[in-house]
Amino acid sequence: MARSITYREAINEAIAQEMARDERVIVMGEDNAGGAGSPGEDDAWGGVLGVTKGLYGKFPGRVLDTPISESAFVGAAVGAATGGLRPVVELMFIDFLGVCFDQIFNQAAKFRYMFGGKAVTPVVVRTMWGAGLRAAAQHSQSLLSVVTHIPGLKVVAPSNPYDAKGLLIQAIRDDDPVIFAEHKMLYDVSGDVPEESYAIPFGEANIVREGSNGHADVTIVAIGRMVNTALEAADELASSGIQVEIIDPRTTSPLDTDTILESVENTGRLVVVDESNPRCSLATDIAALAAQEVFGSLRAPIQQVTGPHTPVPFADSLEDLFIPDTTRVAAAVKTVVDHVG
Amino acid sequence: MARSITYREAINEAIAQEMARDERVIVMGEDNAGGAGSPGEDDAWGGVLGVTKGLYGKFPGRVLDTPISESAFVGAAVGAATGGLRPVVELMFIDFLGVCFDQIFNQAAKFRYMFGGKAVTPVVVRTMWGAGLRAAAQHSQSLLSVVTHIPGLKVVAPSNPYDAKGLLIQAIRDDDPVIFAEHKMLYDVSGDVPEESYAIPFGEANIVREGSNGHADVTIVAIGRMVNTALEAADELASSGIQVEIIDPRTTSPLDTDTILESVENTGRLVVVDESNPRCSLATDIAALAAQEVFGSLRAPIQQVTGPHTPVPFADSLEDLFIPDTTRVAAAVKTVVDHVG
Amino acid sequence: MTGTLTQAPAAELTPDALLDAYRTMRTIRDFEERVHEEFATGDIPGFVHLYAGEEASATGVCSHLDLRDAIASTHRGHGHCIAKGVDVMGMMAEIFGKLTGSCRGKGGSMHIADLSKGMLGANGIVGGGPPLICGRALASKLKGDGGVAVAFFGDGASNQGTTLESLNLASIWNLPAIFVAENNGYAEATSSTWSVATDDIADRAAAFGMPGVIVDGFDFFAVHEAAGEAVARAREGGGPTLIEVKFTRYFGHFEGDQQLYRADEVRNARENLDCLKVFRARVTGSGQLTDDQLDQVDQEVATAIAASVVAAKAAPKPGADDLLTDVYVSYQ
Amino acid sequence: MTGTLTQAPAAELTPDALLDAYRTMRTIRDFEERVHEEFATGDIPGFVHLYAGEEASATGVCSHLDLRDAIASTHRGHGHCIAKGVDVMGMMAEIFGKLTGSCRGKGGSMHIADLSKGMLGANGIVGGGPPLICGRALASKLKGDGGVAVAFFGDGASNQGTTLESLNLASIWNLPAIFVAENNGYAEATSSTWSVATDDIADRAAAFGMPGVIVDGFDFFAVHEAAGEAVARAREGGGPTLIEVKFTRYFGHFEGDQQLYRADEVRNARENLDCLKVFRARVTGSGQLTDDQLDQVDQEVATAIAASVVAAKAAPKPGADDLLTDVYVSYQ
Ligand SMILES: Cc1ncc(C[n+]2csc(CCOP(=O)(O)OP(=O)(O)O)c2C)c(N)n1
Ligand SMILES: Cc1ncc(C[n+]2csc(CCOP(=O)(O)OP(=O)(O)O)c2C)c(N)n1
Ligand SMILES: [Mg+2]
Ligand SMILES: [Mg+2]
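Protein sequence lines, in the order shown, are assigned to chains A, B, C and D. Taking the working numbering, I'd label the letters of the first sequence as residues 51 to 391. Taking the working numbering, I'd label the letters of the second sequence as residues 51 to 391. Taking the working numbering, I'd label the letters of the third sequence as residues 33 to 364. Taking the working numbering, I'd label the letters of the fourth sequence as residues 33 to 364.
Listed below in structure tokens is the structure:
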């Protein structure tokens, strides 16, 4: 039975269902219950934006608050994963990678390979990413390319409540370390989500919009919140007769290269929309993939629509300019459609 | 007066000359002198591979050993840079980014922007990168894409002793934070280096090999040690009549896009050679650049020759397979030359 | 080496110095109360963490500092900025995201800085400041300019590796650094009695070979005295000190926090411990200042803060021309 | 809570247990001496850090552990592996980069692990292990399996933020964790008397609310006793302990280190303090074991180590088929 719930609720429900199903699943993070040692209510916070709210009451002893020591507690989640638990640890903002990156990329990600295939490290690092909340340079980054670059990590970036639930359930059941990146501007977005548990496999992109009558002029690959921006742009473009196919990779590692390449082979035109900084980004990754694998089908330059090579600014006027919008996406699409080869 | 000295000596000389020239320049890092508090010789190490050896004797009080606390001492270098010094701090291996990344990417890199253009942070982070020393997964990484991704950082990766000296002098004089990445397999490579001080500007690629008589069939962009691999491959290819132009960007941020694009416009074919892991890498960055900016000139798919999506293996047999070699580079060149459009 | 709560006398401070201290504390209080109100109207974007209740710490410490000296602050940085002399007009404009802000609207509340005043920035990263302060202290030491550097950080930050490493580094390098642990009892909703494994944060000083002292953070004079000792020691080459300042924050962790995790400790603090009240009682009781003098400061401050809000609201926002500037000194 | 060097009696250990301990220490010593020789011939690639001289630490601690228990090690990991029961044949092959190695040649000396033995890996990152051990201890605590988890780390690592954070986390979560600071006097060339701001690393225990104890690392019995107490406390839910073990490493920081930073402290240690000598004197002196029994162990160990080298040299290297495997359990 599907109901309309928010992205935040979908994430909460995924964790709750997996905790009920598998007692090895535990949750930890700063104020994930909230109020450890404090005189007031237990479960006073449920995480800084309330995503884990209520889990503490349902699963006493399995939702742990942590001190502000990301290396120690993210590392503890990694260590616990090698010891038979399946921790879901929250790194509040992906921007805080800088104080615990070692435990993620040199430890969790590399154990299996370094140890000759003999380690299994089923840890999920939930973390908030993306711009838009006026949270400025240290709380608004994407950094998805940084984790996608690392062999041994899987990276998930759901763009809607349905995917958030299904992908998180898969992440928790998955035997490899997973970075589960929740876009902070999507928490309050609602969508239809089945009550029952379901897992969405990794590496399977979602074609969120097909062209019209099996035809599309351009392929857009968009990540996270940019899927919505692309959808809006596509509506506009459709009214001027341009048909866009939009692919949401859902997981950036593994990446569903087949679906992307097949679409580009059909359309001959690719626009990648990614709010991250541009250099060595997901946008370059996907563009380079197409330029290597389906060059013969390309009929126009591959356009990247990304944030600029700057930190994320605070002022709303600037942040709105930083984040790719429908105008920029539509302009990129028009450029490739108008391209004369 | 140029003499032949090693990459290691060139780096040491650059630091020594800048320390002599500007008393604000200081050096710090683990055992950068070596033997702090120990009963034996001072300057007992000069860094783990001897790069800073001898500086302590020449500049007493300006070469500081540090405890193993990368966050604290890299952060201290950053703080000192805001306080009027020009620190050259050593992060022994770039793989150790995980224990100090915050001070680099959230602090040093962002100060200027976050503070509205009012900060100047002239810090150089010297660090060792690259595979080949049988140093295994946690001491062999590239990670250049991770730092290149970050706005506010400059990233330098010299491929020979001459560039190492000139670029390091520039790095020390530069007013922005610089990651100076020394390839560990190049330390013992010798080349002609002038004794006198000189600075090589950032963002100016070096065309290390031109085609023949102004003509080249393929452009190779190669990074760091891969420049030598590309040169070897080019010699082989020349003997089978294929002319290759090789571009060494020298700095990956800023990137000399003009030189790269101009060459690709001439040759119509691009191969990027980068030993890093492939996803969201420098190889994708440069490939995507060309696919967007000079699509019309491209006559073949853009080939990326990189390490695989795995950690760096220990065994020599495996590590040799990990690192791109001349055979793979030559094969990629042949693929693009043989491509029928 | 760990001391306990002291009741320090006001004797050695001149009336002017006392008025300055009061003005600073009152400015911080008014600033924060006003930002609290403005936030509620929805005009202020982003995350805002208020310092109200903690004024005596920033003020007591910074009253010993001059332009040779530097401080690093936290996400809760407004008080430190004001105490170190950053202009409130620019601060208020920054919080509103305006081009006239201290950081031209690019930083916001969590990144206000003024390097010309030795204010090295609020910091969005818990534990981000202490390493930087080691560097500032090192710079002063090597340059021999007599400067000291102060890291303010919270009880939560006292568990962060970056902070702990910095204590060790400052100690073995014998730096003119001061570490001020502002223990307001909570890191977000988490109690410091739970998150800090020792009774007092000051106990950690011994683990890093430096003196540690605890002071009543509602008492400007207590902070002032402890900081004075630490600053003097640092200036003389005696190395770093850890000062733990204990008090309560008056507002939520950030604006919007419902504070279910605590009861009415704030009411008690506001009524009985408040640093402004304590200060007034002390200096009028001793006859050093009169109520009239203090009231006049209150008036002047209220006017200045009100003006800062008016100006901030009227100021222009940064625009497209500003997006790409200020990333590098030079690039390409 | 900080203790001092003790001379522990050998009384409570059975002859079999004593023989086991001796065999472990002798195996480590022979292994390391042999790797040292082989490295000199150029057959062993990469960085190799030898544990010779420090055998009593790994052995004294791990003699209390069983398969419920886990350890995390360092770059100097061979001794910890052997003491935790990792097969020396696989270890030697791993160091030579062979397919028969513990990690199929992919890890090398710095990454030997055997999770089936509760050996969570050597670690190339200084301070990499303590956070992981918090997690292993948490897993044991939540599962109620009575397991304990031990982080070995060096004096250099005791300054790393990851280590310090872990001490606090283990304490406030009341974990069955043990932190063994192996103070061999140096981190590379840097003296611990300089890099650690306290007199003793064990002093840091108080800063994180746990007991701290110092033991003579050349004395198996001293380590054994201290570890026994800590393990018992941890198993009973009494929380973590910090044990500082003091000794000297016999070889350079890594193979190739010229050791200009120290004089002949090693000769003195080898001659007068050596853990194998001290052990032999103690157990033969007390009549618990005879020289013959110990000599026989020496023989057996020598044979086993020699065999491991022969096998390692003869074993195949991993090849192209192995490069891309073992990154994920499943991908795509
Ligand atoms: C590295 C990092 N982790 C977590 C956070 C989120 N965060 C911001 S403030 C805060 C609490 C800080 O508590 P404390 O240090 O006591 O300072 P206070 O807010 O009480 O002034 C947390 C967890 C952060 N900004 N940076
Ligand atoms: C994070 C990190 N920093 C630096 C190094 C380089 N390094 C390897 S071992 C070592 C010294 C470690 O000293 P200690 O902890 O005392 O252990 P010991 O070598 O004496 O056993 C250093 C600096 C590293 N591997 N990881
Ligand atoms: Mg606090
Ligand atoms: Mg040591």
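Just so it is clear, CB atoms sit at the ideal spot from N, CA and C, and this is done for glycine as well.
Check the Cβ-Cβ distances between residue i and every residue of chain A, and say whether any is below 7 Å.
i	result
B:LYS103	no
B:PRO201	yes
D:ALA171	yes
B:SER367	no
C:ALA295	yes
C:ASN304	no
D:VAL120	no
Residue i versus chain B: which residues are under 9 Å apart at the beta carbon?
i	result
D:HIS143	ALA186, ALA187, GLN188 and PHE364
So, does the CB of residue i fall closer than 7 Å to a CB anywhere in chain D?
i	result
C:LEU196	yes
A:ARG162	yes
B:SER331	no
A:LEU439	Residue coverage of chain A in this structure runs from 51 to 391, which leaves residue 439 of chain A outside it and unanswerable.
Kindly say whether residue i, judged by its beta-carbon, lies nearer than 7 Å to any beta-carbon of chain B.
i	result
D:ALA254	no
Report the neighbours of residue i on chain A: residues whose CB is nearer than 8 Å to its CB, in chain order.
i	result
C:GLY188	PRO117 and ILE118
Once you ignore the five residues that flank residue i on each side, which residues in its own chain have a CB closer than 6 Å to its CB?
i	result
C:ARG294	none
A:SER209	GLY274, VAL277 and ASP298
C:LYS165	Position check: residue 165 of chain C holds Ile in this sequence, whereas Lys was assumed. The answer, listed in chain order, is ALA104, ALA181, ALA183 and ALA209.
C:ALA169	ALA181, LEU207, PRO208 and ALA209
Identify the contact partners of residue i in chain B, using a Cβ-Cβ distance below 7 Å as the criterion.
i	result
A:THR307	Neighbours of A:THR307 on chain B: none; closest Cβ ~11 Å, over 7 Å.
A:ASP145	ASN156
Using a Cβ-Cβ cut-off of 7 Å (strictly less than) and excluding sequence neighbours within five positions of residue i, which residues of its own chain qualify?
i	result
B:SER303	THR198, LEU203, LYS204 and VAL205
A:ALA131	PRO137, THR171, PRO172 and VAL173
B:ALA186	VAL362 and PHE364
Check the Cβ of residue i against every Cβ in chain D and list those closer than 7 Å, keeping chain order.
i	result
C:ILE204	TRP226, SER227 and ALA229
B:PHE372	LEU355
Can you check whether the C-beta of residue i is within less than 7 Å of a C-beta belonging to chain C?
i	result
D:ARG161	This sequence places Gly at residue 161 of chain D; Arg is not what is there. Closer than 7 Å: no.
B:ALA381	no
With respect to 6 Å, is the separation between the Cβ of residue i and the closest non-hydrogen atom of ligand 5 below this value?
i	result
C:PHE240	Ligand 5 is absent from the structure shown, which contains only ligand 1, ligand 2, ligand 3 and ligand 4.
Please check the pair residue i and residue j, which I expect to be a contact at CB under 8 Å, by giving their CB distance rounded to whole angstroms.
i	j	result
B:THR269	B:VAL314	5 Å
A:ASP267	A:THR301	That pair is no contact at about 26 Å.
C:GLU86	C:GLY111	6 Å
B:ILE310	B:ILE336	7 Å
C:GLY193	D:GLY244	Rounded, the Cβ-Cβ distance is 19 Å, inconsistent with contact.
Excluding sequence positions up to five away, which residues of its chain have a Cβ less than 8 Å from the Cβ of residue i?
i	result
C:ASP177	ARG100
A:GLU232	TYR57, ILE61, VAL101, ARG176, THR177, MET178, TRP179, PRO208 and ALA214
D:THR36	No answer about D:THR36 holds up, because its pLDDT of 39 lies below 50 and its placement is not dependable.
Which residues of chain D have a Cβ atom closer than 8 Å to the Cβ of residue i, listed in chain order?
i	result
A:SER192	Chain D residues near A:SER192: none, gap ~23 Å exceeds 8 Å.
Using a C-beta to C-beta distance shorter than 7 Å, which residues of chain C count as neighbours of residue i?
i	result
A:TRP95	GLU220 and ALA221
Note down, in chain order, every chain A residue with its Cβ under 9 Å from the Cβ of residue i.
i	result
B:THR356	Ordered by position in chain A, no residue passes the 9 Å Cβ test against B:THR356, which lies about 10 Å from the chain.
Inset, instruction - Check whether the stretch 219 to 231 of chain B touches the stretch 46 to 56 of chain C, taking contact to mean three or more Cβ pairs, one atom from each stretch, closer than 8 Å. - result: no
Inset, instruction - Please determine if the stretch 255 to 267 of chain C and the stretch 231 to 238 of chain C are in contact, where contact requires at least 3 C-beta pairs separated by less than 8 Å. - result: no
Inset, instruction - Tell me, please, whether the stretch 339 to 355 of chain C touches the stretch 136 to 156 of chain C by the rule of three or more beta-carbon pairs shorter than 8 Å. - result: yes
Inset, instruction - Mind the definition here: the stretch 104 to 112 of chain A touches the stretch 294 to 310 of chain C only if three or more C-beta pairs lie below 8 Å; say whether that holds. - result: no
Legend entry - At least three beta-carbon pairs within less than 8 Å, the stretch 140 to 148 of chain B to the stretch 323 to 332 of chain B: no
Inset, instruction - Check whether the stretch 88 to 97 of chain A touches the stretch 277 to 297 of chain C, taking contact to mean three or more Cβ pairs, one atom from each stretch, closer than 8 Å. - result: yes
Legend entry - Touching by the beta-carbon criterion (3+ pairs, under 8 Å), the stretch 369 to 389 of chain A and the stretch 69 to 84 of chain B: no
Inset, instruction - Say whether the stretch 267 to 277 of chain C touches the stretch 71 to 81 of chain C, bearing in mind that this needs 3 or more beta-carbon pairs closer than 8 Å, one atom from each stretch. - result: no
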